[in-house]
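Using numbering that gives the first Met the number 0, read the sequence shown as starting at 0 and increasing by one per residue.
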Amino acid sequence: MLAAIARRFGRSGGLKPLRALLDERLAAERRPTATYVGNNRVLVGTRVGDRTIAYYVEADDRLLSPWFIVTGQFETELTNYFLRHLRPDSHCIDAGSNFGYYSCLMARYCPEGRVIGIEADRHIADLARDNLFINNLHGGADIICAAVADRCEEITLYRRASRSGNTSIVQVGANFTTALGEPPAEPFTVPGIRIDDLADRMQGKVDFIKIDVEGAEPLALAGASETIRRNRDLSIVMEWSPGQIGAAGFDLRQFTSDIAALGLRCFALDRHGERPIETGALAAMPYQAGIVMRRFDAA
């Protein structure tokens, strides 16, 4: 069959023209589409693994939207981790869901499971909710507007107008925002929620938790201790941002001790997979888009 195809493209050219044609076709299939739809929203269609997912993103965002609109890609190492490990019946929590990239990915690849995304900024939570609906994923997934924390109390957060992905418990100074051409960060209050409080809604099972809460990771983990205890094979993928964690007032060495006390071992992610890390060495590690944590007794 290949010989016949080769003859079709000529003896001198061999299979090279066909290969180029196939490469061009594959590239076209993976090229994202982007359309401004009004109301400060851009609709991006992109391939995530072998499936197409549509996302609304903020048109005026300077943090995540520009590169996502141009490439359709987002945190490729973390994305690939989930594509390798998610199962059709996985139950997942997306803590700090932003516009719902991972919530939609999880719901698309876990049609028999359960997904809950948590986003503190109401405006962005609405984006994530709408992204579930436009992909017809809302049957097994929900978005909760709340701040992931260690207690159910109102929390003050600070939103940066053109970088909503940096909404945080940390108030950045006016000098910092002015240097970036931004207005001062805007404070707002939102209910706190513990991951442990989602047990019933998760039907008593959690397989994956993704945590990206801009420096409040110690609070998120403290509010997940029962979930960790009850789910032996749980995998936690957490942003490791020592600068933000320290700016939020947490001691890095104490936090790494808390991780160890929860019975978790840590792994760095790269394009080759996972690499074990000594928990005590985390404090000296630079920023990582995500580290993986699992219980020592995980299967």
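Where is the CB? At the ideal position from N, CA and C, for every residue including glycine. Predicted model only: the values in this text are computed from it and were never measured.
Which residues in the same chain as residue i place their Cβ atom closer than 7 Å to its Cβ, once the five residues preceding and following it in sequence are excluded?
| i | result |
| --- | --- |
| Ala297 | Arg231 and Asp232 |
| Val300 | The structure shown does not extend to residue 300, since the chain spans only 0 to 298, so no value can be given for it. |
| Leu251 | Pro241, Ile244, Gly245 and Ala282 |
| Ala280 | none |
| His137 | Leu131 |
| Ala259 | Thr278 |
Measure from the alpha carbon of residue i to the alpha carbon of each residue in the options, then state which is nearest.
| i | options | result |
| --- | --- | --- |
| Ala184 | Asp199, Arg158 and Phe81 | Arg158 |
| Arg30 | Leu179, Ala221 and Val69 | Val69 |
| Glu57 | Gly44, Asn39 and Asp49 | Asn39 |
| Val189 | Thr166, Phe175 and Val171 | Thr166 |
| Ile143 | Ser89, Thr176 and Asn97 | Asn97 |
| Gln72 | Thr51, Ser89 and Pro87 | Thr51 |
| Asp149 | Arg107, Ile133 and Asp196 | Asp196 |
| Gly191 | Ile168, Met201, Cys265 and Arg128 | Ile168 |
| Ala124 | Asn135, Ser224 and Ser102 | Ser102 |
Run the CB neighbour count on residue i, radius 10 Å, all protein chains shown included, and call it buried at 16 or more, exposed below.
| i | result |
| --- | --- |
| Tyr100 | buried |
| Asp60 | buried |
| Arg293 | buried |
| Val36 | exposed |
| Trp319 | One cannot answer for residue 319 here, as it falls past the ends of the chain, which runs 0 to 298. |
| Arg274 | exposed |
| Asp269 | exposed |
| Asp199 | exposed |
Out of curiosity, what's the CA-to-CA distance linking residue i and residue j?
| i | j | result |
| --- | --- | --- |
| Thr32 | Asn130 | 15 Å |
| Val291 | Thr278 | 11 Å |
| Glu111 | Ala160 | 37 Å |
| Arg162 | Ala247 | 18 Å |
| Pro182 | Gly272 | 40 Å |
| Ile210 | Arg229 | 18 Å |
| Leu82 | Gly48 | 7 Å |
| Ser256 | Leu263 | 10 Å |
| Gly164 | Ala178 | 18 Å |
| Gly214 | Pro16 | 51 Å |
| Ile92 | Thr176 | 31 Å |
| Arg10 | Glu76 | With a pLDDT of only 49 at Arg10, under 50, the local geometry of the prediction cannot be trusted, and no value is derived from it. |
| Met284 | Thr78 | 21 Å |
| Glu152 | Ile194 | 14 Å |
Less than 7 Å between CB atoms is the rule here; does residue i satisfy it with respect to chain C?
| i | result |
| --- | --- |
| Asp129 | Going by chain labels, chain C is absent from the structure shown, which holds only one protein chain. |
Could you please give the first and the last residue of the uninterrupted beta strand (DSSP E) stretch that includes residue i?
| i | result |
| --- | --- |
| Gln170 | First-last for Gln170: undefined, no H or E at that position. |
| Ala33 | Thr32 to Gly37 |
| Glu152 | Glu152 -> no beta strand (DSSP E), and no H or E assigned at all. |
| His90 | His90 to Ala94 |
| Val47 | Arg40 to Val47 |
Ordered along the chain, which non-local residues of its own chain (more than five positions away) have a Cβ less than 6 Å from that of residue i?
| i | result |
| --- | --- |
| Glu74 | Ala288 |
| Pro217 | Phe249 and Phe254 |
| Thr34 | Leu42 |
| Ile133 | Ala53 |
| Thr155 | Pro186 and Thr188 |
For residue i, I'd like the list of residues in its chain whose CB is within less than 8 Å of its CB, leaving aside the five on either flank, ordered along the chain.
| i | result |
| --- | --- |
| Cys109 | Leu85, Arg86, Pro87, Asp88, Ser89, His90, Cys91 and Gly139 |
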